[in-house]
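K.L.:
Mind looking over this structure? Questions follow.
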Amino acid sequence: MKQTIYLLIILPLLILITKPLGSTRACGWGPEEIFYGYSFFDPAMTHQPDYSPLFMSFDRFYDLSWTEDDFKHRDNITEWQEFYNGKPSKEDIAHIVYKESADHLIEAKKLVEKEGNNLPENLKQNSLIQYWQQKKMTSPICYLVYAKQLEPQVTQEYDYWEEPEKDIALMEKLIGEGIERYDASKNQFLKMRYGYQVVRLAHYAGKMDDCIRFHDEMVEPLKAKVNSQIYFWSLGHKAGALKSLGKTIEAAYLFSRVFEECPAKRIPSWLSFSIKSDQEWASCLALCQSEAEKSNLYFMRAINPVSQVIEEMQSIYAIDPQSEKLDILLAREINKLEYDFFGWEYDFEMPLKTSYNGQSKEEALDYLKELRSFVASLNREKKVKNQELWSIAEGYLAFMENDFNSASQTFEKIAYNHKEKSIARYAELFQWVVSVSQVRKISLDTEKRIWDELEKIQFEDDTHELREKANRYMQNVFARRYKLQNDLGKAFLCTRDLDLLYIRPSLELAEDMLSWLNELDKRSPNDFETFLLGKLGSGDRKEIVKEIIGTMHLKEGNINEAIAVFEQISPEIRKTLPYFKIGGDPFKAQIVDCLDCETDEPGAYDKLSFAQKIQSLIKEAADKPEKAAQNYFQVGTAFYNMTYFGHAWSAAGYFRSGSSWYAVGADEDHWAYEDLTHINLDMEAAESWYQKSLDANEGERELAAQTTYMAAKCEQNRFFLAGYNHDEHLEIKMDQYRSRFDQLIDNYSDTDYYQKVIKECHYLDTYKWIRDN
Numbered sequence: 002m003k004q005t006i007y008l009l010i011i012l013p014l015l016i017l018i019t020k021p022l023g024s025t026r027a028c029g030w031g032p033e034e035i036f037y038g039y040s041f042f043d044p045a046m047t048h049q050p051d052y053s054p055l056f057m058s059f060d061r062f063y064d065l066s067w068t069e070d071d072f073k074h075r076d077n078i079t080e081w082q083e084f085y086n087g088k089p090s091k092e093d094i095a096h097i098v099y100k101e102s103a104d105h106l107i108e109a110k111k112l113v114e115k116e117g118n119n120l121p122e123n124l125k126q127n128s129l130i131q132y133w134q135q136k137k138m139t140s141p142i143c144y145l146v147y148a149k150q151l152e153p154q155v156t157q158e159y160d161y162w163e164e165p166e167k168d169i170a171l172m173e174k175l176i177g178e179g180i181e182r183y184d185a186s187k188n189q190f191l192k193m194r195y196g197y198q199v200v201r202l203a204h205y206a207g208k209m210d211d212c213i214r215f216h217d218e219m220v221e222p223l224k225a226k227v228n229s230q231i232y233f234w235s236l237g238h239k240a241g242a243l244k245s246l247g248k249t250i251e252a253a254y255l256f257s258r259v260f261e262e263c264p265a266k267r268i269p270s271w272l273s274f275s276i277k278s279d280q281e282w283a284s285c286l287a288l289c290q291s292e293a294e295k296s297n298l299y300f301m302r303a304i305n306p307v308s309q310v311i312e313e314m315q316s317i318y319a320i321d322p323q324s325e326k327l328d329i330l331l332a333r334e335i336n337k338l339e340y341d342f343f344g345w346e347y348d349f350e351m352p353l354k355t356s357y358n359g360q361s362k363e364e365a366l367d368y369l370k371e372l373r374s375f376v377a378s379l380n381r382e383k384k385v386k387n388q389e390l391w392s393i394a395e396g397y398l399a400f401m402e403n404d405f406n407s408a409s410q411t412f413e414k415i416a417y418n419h420k421e422k423s424i425a426r427y428a429e430l431f432q433w434v435v436s437v438s439q440v441r442k443i444s445l446d447t448e449k450r451i452w453d454e455l456e457k458i459q460f461e462d463d464t465h466e467l468r469e470k471a472n473r474y475m476q477n478v479f480a481r482r483y484k485l486q487n488d489l490g491k492a493f494l495c496t497r498d499l500d501l502l503y504i505r506p507s508l509e510l511a512e513d514m515l516s517w518l519n520e521l522d523k524r525s526p527n528d529f530e531t532f533l534l535g536k537l538g539s540g541d542r543k544e545i546v547k548e549i550i551g552t553m554h555l556k557e558g559n560i561n562e563a564i565a566v567f568e569q570i571s572p573e574i575r576k577t578l579p580y581f582k583i584g585g586d587p588f589k590a591q592i593v594d595c596l597d598c599e600t601d602e603p604g605a606y607d608k609l610s611f612a613q614k615i616q617s618l619i620k621e622a623a624d625k626p627e628k629a630a631q632n633y634f635q636v637g638t639a640f641y642n643m644t645y646f647g648h649a650w651s652a653a654g655y656f657r658s659g660s661s662w663y664a665v666g667a668d669e670d671h672w673a674y675e676d677l678t679h680i681n682l683d684m685e686a687a688e689s690w691y692q693k694s695l696d697a698n699e700g701e702r703e704l705a706a707q708t709t710y711m712a713a714k715c716e717q718n719r720f721f722l723a724g725y726n727h728d729e730h731l732e733i734k735m736d737q738y739r740s741r742f743d744q745l746i747d748n749y750s751d752t753d754y755y756q757k758v759i760k761e762c763h764y765l766d767t768y769k770w771i772r773d774n
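Residue numbers (this note's numbering): 2 to 774.
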């Protein structure tokens, strides 16, 4: 039994790692940011919904709906409805069987026997209870009361770290009662269910020999008389008991029978199936009573994530070329290869890369070629049942191997010649994916052609996710091409929206986006451009982008340019822009920095008036030298408060988080590093204006002390930004980043401002103590 490790991350249930694309304005990742990869080969093309738990998925091993009550109870409710000649509704049966209490059922029995009338009015309207009344039927009620009484003993919720406590005495009593009811029951349908409950009780009570015996003596003889899934539920418990007793070969064989015959128990049966050697495998095969049973064993081994599946498929094909299990395995293998190549590492470039981040893809490429050759050989023989599926699979594998001509020819033939609409639609989709993957340069005509082709594909209602996936694939491919063409605005909007534009603003990006918007004033946007425009919202898009451009100019210290851009926005629109107002006083100097100080207070400034005030302070200082020191101090404070450390940070950006602090001084591999590239950390501008204030100061010692202290804060922040270690580098970096503290202590300790700041700034107080001692 050969095995190979695919380039997948294998955990017990094949949990696959996900990678977020980017942050949102909230504190965590939103669902839209979770990207698993691209999978266009839909396993639903196999037309085998009962095997959907085994469809390969990027984010889970099996379909979650198969763990939900609606599915787990489906077959049992159907059998109960057939038992009642189809009269009560399935919804009413499900409510009584799975949700109603034993006490209410006891009252229902009294109602049927006309010995009581205490049943709630809503239950009297239940069609099953009405059926019982009509038929004067009480035996099913007695069974359900018994089943509900034993349920707590076999469905206990418990901590995984400790074994649940069991009331063995009660379980033994219930087993005895079940045997008595089994012997007394004349109805074979109920008799099998009593037998099953006894088997289940014995299993959970740890009485494995009894569990096996009860199944063989009570349930097995009824198999020929009652066609019920309950038989396989009981057989599963017998298999579990055999496994507990070390009889793994017989247990594996029985689990394979449950797997084959009982869809509701398919996943637990597969998880319990265990063959550990070639010798055990041969022994298990020997227990099979037909070639079909052997085929099922090969199938169960093939769905193991580390199996060499082509070998198993060849064995199944040799037994039964028409086996539908071959279709399931084919879809799974293609989906696994999609994860290998189109997972979150995929860069939307064809041909496919042979490695990502140093991890080789050569093994997956070799397997891709091997699988394509195998599929082609079976297509030539034309023995498989779902020939269309295998034909379209051959074309898709050709696409993955970058043989676009062969792929296109295959898809075109299927799309235009196949009678089954769903397969034809998939062929159209795959043809479109090939076309998108081959795009190298995007023009307006390319945009229109690709978008129109996608719009023409008639997706079925149950394949709407493929439509969304195709749209996203196109956008990602286009984003890569736009970026290479330096169409930064369109590249951004392909994978981002306005919220992300605020979080990751860029002057170059915003200017390119504005250029594109200006171009659209001269012509009508095509449908794809209209789609992209929607990501900018429905408001004044150009004004929004202009506001971002002006904000980035403020961040870069380009005051005149910022004013020029802001003035292009009408006063009426400026009032409606969400981030144009600045909270608090951006010209106020704080002794101790505070993340949110004053930002929530109503402010007198917006970004335009703020920039204009800076401009006027600088001009006035040039015209009136006697005001230069004070004006330059205010300008320095404005530039300081625009940084990450100041309370007017919103003047130069849209996003600040305390978590960003963890990346300060870190390298590019740090998880929060990207935030720093979009945050204003420039200390040099503020410090240079503070120095100009000191140079222009003519004896105003209180102002000089305050200016020196603010310059010292700039120096301190540069110390943090350079990266530091409190234990190892404090002394080494002290001289380099403490000159302003020294000036403050040596020259201004007699000022009122110094006396105030030494009380509030513990860092300064500590430094003075270290220096003096």
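Ideal Cβ positions, reconstructed from N, Cα and C, are used throughout, including at glycine.
Starting from the Cα of F634, find the closest Cα among Q692, K582, T577 and Y645 and give me that residue.
P.N.:
Closest by alpha carbon: Q692.
K.L.:
Given 8 angstroms as the limit, is there contact between the segment 563–571 and the segment 634–645, that is, 3 or more CB pairs closer than that?
P.N.:
Short answer: they don't touch.
K.L.:
Are the beta-carbon atoms belonging to F611 and I574 less than 9 angstroms from one another?
P.N.:
No; because the gap between Cβ atoms is not below 9 angstroms, this pair is not in contact.
K.L.:
Per DSSP, which one or two residues make a beta bridge with D1?
P.N.:
Since the first residue shown for the chain is 2 and the last is 774, residue 1 is missing from the structure and cannot be characterised.
K.L.:
How far does the alpha helix (DSSP H) with H204 in it extend, from its first residue to its last?
P.N.:
Where H204 is concerned, the enclosing alpha helix (DSSP H) stretches over Q189 to Y205.
K.L.:
So, at 8 angstroms on beta carbons, what are the nonlocal neighbours of N358 in its own chain, with the 5 sequence-adjacent residues on each side left out?
P.N.:
For N358, where only same-chain residues beyond five positions count, the Cβ hits under 8 angstroms are E346.
K.L.:
Can E703 and D753 be called in contact, C-beta distance under 9 angstroms?
P.N.:
Closer than 9 angstroms, so yes.
K.L.:
Are the Cβ atoms of V155 and Y99 separated by less than 9 angstroms?
P.N.:
No; because the gap between Cβ atoms is not below 9 angstroms, this pair is not in contact.
K.L.:
Give the secondary structure of Y318 by DSSP, where H, G and I count as helix, E and B as strand, and everything else as coil.
P.N.:
If DSSP states are grouped into helix, strand and coil, Y318 belongs with the helices.
K.L.:
Our contact map puts F215 next to A225 with C-beta atoms below 8 angstroms; I'd like the distance itself, whole angstroms only.
P.N.:
No, F215 and A225 are not in contact; Cβ-Cβ is about 18 angstroms, not under 8 angstroms.
K.L.:
Use the C-beta contact count for H238: other C-beta atoms within 10 angstroms, 16 or more gives buried, fewer gives exposed.
P.N.:
Result: buried.
K.L.:
Assuming I415 contacts S436 (C-beta within less than 8 angstroms), just tell me the rounded distance between them.
P.N.:
Between S436 and I415 the Cβ distance is about 16 angstroms, and since that is not below 8 angstroms, they are no contact.
K.L.:
Could you give the distance in angstroms between the alpha-carbon of D624 and the alpha-carbon of R481?
P.N.:
If you take the alpha carbons of D624 and R481, they lie about 52 angstroms apart.
K.L.:
Based on the DSSP secondary-structure assignment, which residues constitute the bridge partners of G344?
P.N.:
G38, per the DSSP bridge assignment.
K.L.:
Can you list, in chain order, the residues of its chain whose CB lies under 7 angstroms from that of Y144, leaving out five sequence neighbours each side?
P.N.:
Hits under 7 angstroms: L191, R194 and Y195.
K.L.:
On the criterion of 16 or more Cβ atoms from any shown chain inside 10 Å, does Y318 qualify as buried, or is it exposed?
P.N.:
When all chains shown are included, Y318 counts as buried.
K.L.:
Nearest-angstrom Cα distance between E173 and E152?
P.N.:
Spanning the two alpha carbons is a distance of roughly 14 angstroms.
K.L.:
Exposed or buried, I550, counting other C-beta atoms within 10 Å across all chains shown (16 or more means buried)?
P.N.:
I550 comes out buried.
K.L.:
Taking the beta carbon of A425 as the centre, do at least 16 other beta carbons fall within 10 Å, making it buried, or is it exposed?
P.N.:
A425 comes out buried.
K.L.:
Can you grab the Cα-Cα spacing for the pair Q616 / L609, in whole Å?
P.N.:
Using only the alpha carbons, I get a separation of about 10 angstroms.
K.L.:
Could you spell out the range, first to last residue, of the alpha helix (DSSP H) harbouring L537?
P.N.:
L537 -> no alpha helix (DSSP H), and no H or E assigned at all.
K.L.:
Between which two residues does the alpha helix (DSSP H) containing E114 stretch?
P.N.:
Neither: E114 is in no alpha helix (DSSP H) and is coded neither H nor E.
K.L.:
Give a yes or no on whether the C-beta atoms belonging to V478 and F349 are separated by under 9 angstroms.
P.N.:
Cβ distance < 9 angstroms, so V478 and F349 count as in contact.
K.L.:
Quick check: V146 and A95, are their CB atoms within less than 9 angstroms of each other?
P.N.:
No, the pair does not count as a contact, with Cβ atoms beyond the cut-off.
K.L.:
The ligand MG and K326: does the residue's C-beta get closer than 8 angstroms to at least one heavy atom of that ligand?
P.N.:
Summarising the ligand content, the structure contains no ligands, and the ligand MG is consequently not present.
K.L.:
So the alpha helix (DSSP H) R302 belongs to, where does it begin and stop?
P.N.:
Note, R302: alpha helix (DSSP H), E292 to A303.
K.L.:
Pull up the DSSP beta-bridge partners for D607, would you.
P.N.:
The partner list for D607 (beta bridge, DSSP) reads K582.
K.L.:
Using a Cβ-Cβ cutoff of less than 6 angstroms, which residues in the same chain neighbour I213 once the five nearest sequence positions on both sides are dropped?
P.N.:
Taken in chain order, the residues that qualify are K239 and A242.
K.L.:
Would you call the CB atoms of I504 and F656 closer than 9 angstroms?
P.N.:
Yes; because the gap between Cβ atoms is below 9 angstroms, this pair is in contact.
K.L.:
What whole-angstrom Cβ distance do Q236 and R258 have, given they're in contact under 8 angstroms?
P.N.:
Before going on, a small fix: residue 236 reads as Leu here, not Gln. About 7 angstroms separates the two Cβ atoms, so the contact holds.
K.L.:
Could you check the C-alpha separation between K523 and G647 for me, to the nearest Å?
P.N.:
When rounded, the distance between both Cα atoms is 42 angstroms.
K.L.:
Pick from N519, L618 and S90: whose alpha carbon is nearest that of Q126?
P.N.:
When each option's Cα is compared against that of Q126, the closest is S90.
K.L.:
Leaving out the 5 sequence neighbours to the left and right, which residues in its chain are closer than 7 angstroms to I759 when beta-carbon positions are compared?
P.N.:
Same-chain partners within the cutoff: L765 and D766.
K.L.:
Would you grab the beta carbon distance between F460 and R473 for me? Rounded to a whole angstrom, and I think it's under 8 angstroms.
P.N.:
At roughly 14 angstroms, the Cβ-Cβ gap does not stay under 8 angstroms, so F460 and R473 are not in contact.
K.L.:
For K628 and A622, I'd like the C-alpha separation in whole angstroms.
P.N.:
The alpha-carbon atoms of K628 and A622 are separated by roughly 6 angstroms.
K.L.:
What are the complete alpha helix (DSSP H) segments, minimum 4 residues, inside the segment 618–649?
P.N.:
As far as the segment 618–649 is concerned, its whole alpha helix (DSSP H) runs of at least 4 residues are 629–642.
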